[in-house]
Amino acid sequence: MFPERLHYCLLLTFVHSCYLHYRRQSLCNHCFGGLHGRLRQQQHSDIKSNFPPYGRDFDSGVATGRLVTDFISESFGLPPSVPAFLDKHRDIDQLATGVSFASGGAGLHHLTSKVTSAISLGHQLDLFKLYKEKLKLAKGVSLSNDIINRALYYFSIGNNDLVNYFTLPVRRAQYSPPEYAAYLAGRASEAAREAYYHGARKIVFVSLLPVGCLPGRRAVNHDGPGKCNEKYNNLAMMFNAEIQETMGKLNGELAGAQVVYTEMYSVVSAILANPSAYGK
């Protein structure tokens with residue numbers, strides 16, 4: 002069915018991009034952001050999807066729970082699921098091959114995470130530092146440093162910030178759309194630099210999606226009911242231009258680092274423009 006085929010189309014595009022950049026190099030997969038929060042992390046957030054109708058388009062009628070990051074992990078020959086750092090049922094050996102610090106609803110702006118009760122990006126990076134210490138105790142300094150340096154650091158964040166820009170008046174009172182895009186790109190740069198400072202050398206930032214085409218945004222589009230809300234999409238494109246430039250600069254500034262911007266906006270837009278080409 003279409004939603005499932007769409008998921009796999011996007012998935013294959015992104016996994017292929019990561020594989021081309023990092024094949025035979027990465028030992029594990031570390032995830033940050035607001036789109037890929039695991040169940041244990043989601044208990045801290047108001048943003049959940051563990052109830053109907055989520056998963057209704059899967060054959061079983063229940064969502065598998067697997068995320069893009071899981072398929073990336075599997076494509077590297079690692080476990081097919083990236084566990085949450087806050088999952089008390091996982092030991093450090095299981096977390097040594099990949100770990101997620103992400104929390105659904107989190108954003109680059111601290112207020113975004115506060116609104117949804119998600120784990121903020123700053124706190125996610127603090128959890129990463131705690132993970133490093135636990136890894137060092139379990140694996141020793143040399144091996145733990147090798148794991149940290151060779152891991153893939155995946156950031157998927159900013160979509161929630163974009164939505165809140167239009168739903169929270171305080172944001173629009175503080176920033177014009179271009180100013181807000183530049184501000185968020187600056188926060189992304191700070192996060193990438195902090196991750197680099199603590200050992201990250203392979204960093205992926207994923208573009209924002211055409212958020213204005215989400216059902217919720219279409220429903221409140223008073224200028225064109227049922228149609229994509231171009232205010233959201235225009236801001237997403239502004240941010241993507243900023244973040245692409247920012248990550249390009251970081252790639253040249255951070256010695257020994259590979260910082261990659263992955264463009265997914267155009268992929269989703271193409272599918273929305275011609276859905277029949279991707280399934281029924």
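In my numbering, the protein residues as written are 2 to 281.
C-beta: ideal position from N, C-alpha, C; glycine also.
Whole-angstrom C-beta distance between residue j and residue i, which should lie under 8 angstroms
i      : j      : result
GLY159 : PHE240 : 6 angstroms
LEU153 : HIS31  : 7 angstroms
SER190 : LEU251 : 6 angstroms
ILE120 : SER143 : Actually they are not in contact, since the Cβ atoms of ILE120 and SER143 sit about 30 angstroms apart, beyond 8 angstroms.
PHE167 : LYS232 : 7 angstroms
Cβ neighbours of residue i in the same chain (closer than 8 angstroms, five flanking residues each side left out)
i      : result
LYS133 : SER145, ILE149, HIS199, GLY200
ALA97  : CYS29, LEU136, ALA139, LYS140, ILE148
LEU169 : LEU112, VAL116
GLU264 : SER208, ASN241, GLN245
Extent of the continuous alpha helix (DSSP H) to which residue i belongs
i      : result
HIS111 : 111-117
GLY249 : 231-254
TYR132 : 122-140
VAL212 : Taken as a continuous stretch (DSSP letters only), VAL212 belongs to no alpha helix (DSSP H), as it is neither H nor E.
PHE72  : 69-76
Check whether residue i and residue j have beta carbons under 8 angstroms apart
i      : j      : result
TYR262 : ALA237 : no
VAL260 : ALA193 : yes
ARG188 : HIS110 : yes
TYR155 : THR247 : no
ASN165 : VAL116 : yes
SER277 : PRO211 : no
ASN230 : GLY253 : no
SER76  : GLY99  : no
GLY34  : SER118 : no
Reduced DSSP secondary structure (H/G/I, E/B, other) of residue i
i      : result
ALA174 : helix
LYS203 : strand
TYR262 : strand
ASN165 : helix
SER267 : helix
HIS90  : coil
ASN222 : coil
LEU21  : With a pLDDT of only 47 at LEU21, under the threshold of 50, the placement of this residue in the model should not be trusted; the figure read from the coordinates follows. Helix, per DSSP.
GLY106 : coil
ALA97  : coil
ASN275 : coil
Beta-carbon contacts of residue i that lie in its chain and below 6 angstroms, excluding the five residues immediately before and after
i      : result
ARG39  : With a pLDDT of 44 at ARG39, under the threshold of 50, the modelled position of that residue is not reliable, and the figure given next carries that caveat. Result list for ARG39: ALA85, SER101, in chain order.
ALA258 : TYR197, ARG202
GLU243 : ALA182, ALA183, ALA186
ASP162 : GLY108, LEU109, HIS110, THR113, LEU185
GLY227 : ARG219
Cβ of residue i within 8 angstroms of any chain C Cβ
i      : result
ASN230 : Of the protein chains in this structure there is only one, and it is not chain C.
Limits of the unbroken beta strand (DSSP E) element including residue i
i      : result
SER157 : 153-157
PHE33  : 30-34
Chain-order list of residues whose beta-carbon lies under 7 angstroms from that of residue i (same chain, five-residue window excluded)
i      : result
GLU195 : LEU126
LEU131 : none
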